[in-house]
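What follows is a short report on a single structure.
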Amino acid sequence: MPDDITLKQVIDSIPAEAFEINEWKAWKTVFLTLGRHGDWRGAIYYSPWYLLPLAWAWTGTAFTGFFVVGHDCAHKAFSKNKLVEDIVGTVMMAPLIYPYEPWRFKHDRHHAKTNMLVEDTAWHPMIPGMYKRMSPVGRALMQTFMGPLRFLASIGHWVDLHFD
20 MPDDITLKQV IDSIPAEAFE INEWKAWKTV FLTLGRHGDW RGAIYYSPWY LLPLAWAWTG
80 TAFTGFFVVG HDCAHKAFSK NKLVEDIVGT VMMAPLIYPY EPWRFKHDRH HAKTNMLVED
140 TAWHPMIPGM YKRMSPVGRA LMQTFMGPLR FLASIGHWVD LHFD
């Protein structure tokens, strides 16, 4: 951001209606997500074997919708009723096997500690000095798991940071 522009100026430039909760739109997203999930689960059931990978991938995108709704609930951006947000967040994250309340607490901590390298729960970049101090085996593991197998790293992150 340029030095002569403050974050407050940027926030003030956003129209007030962008910060208003639209419950109709929020519930539409819930039902759209549930509908697409049902459609793609049906596709998995009825598809011939050669179309299953496509059906699995599209079902995964519907699961992303579950997380997005849960995330909005955690940010208190889904409904004006906080109990409704907690119930919807819990229900939407349950199929993901992601416990909503512990995740919400960790996510709040992440926002409170964003860009604080040691304290942020979600962002742990590799500092060059750390890489240089690693053993050859450690470097090989880092290149493997932060390269082609990076998607597996989220499992360790999930276990390490969301169940304490």
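Numbering (this note's numbering), first residue to last: 20 to 183.
Heads up, the beta-carbon is just placed ideally off N, CA and C, and yes, glycines get one too.
In the structure shown, the three-state DSSP call for D58 is helix. DSSP, read as helix, strand or coil, puts E39 in coil. Contact between A62 and W46 is absent: CB atoms are separated by about 25 Å, not below the 8 Å threshold. Excluding five sequence positions before and after S66, the CB atoms of its chain that fall closer than 7 Å to its own CB belong to A74, given in chain order. Per the coordinates, the alpha-carbon of P144 lies some 35 Å from the alpha-carbon of L53. In the structure shown, A74 adopts helical secondary structure according to DSSP, grouped into three states. In this structure, the beta-carbon distance from D139 to H129 falls below 7 Å.
For V110, the enclosing alpha helix (DSSP H) starts and ends at 101–112.
If you ignore the 5 residues before and after F82, its C-beta comes within less than 8 Å of the C-beta of H56, P114, L115, all in its own chain and listed in chain order. With 16 or more other CB atoms across the displayed protein chains lying within 10 angstroms of its CB, V107 is buried.
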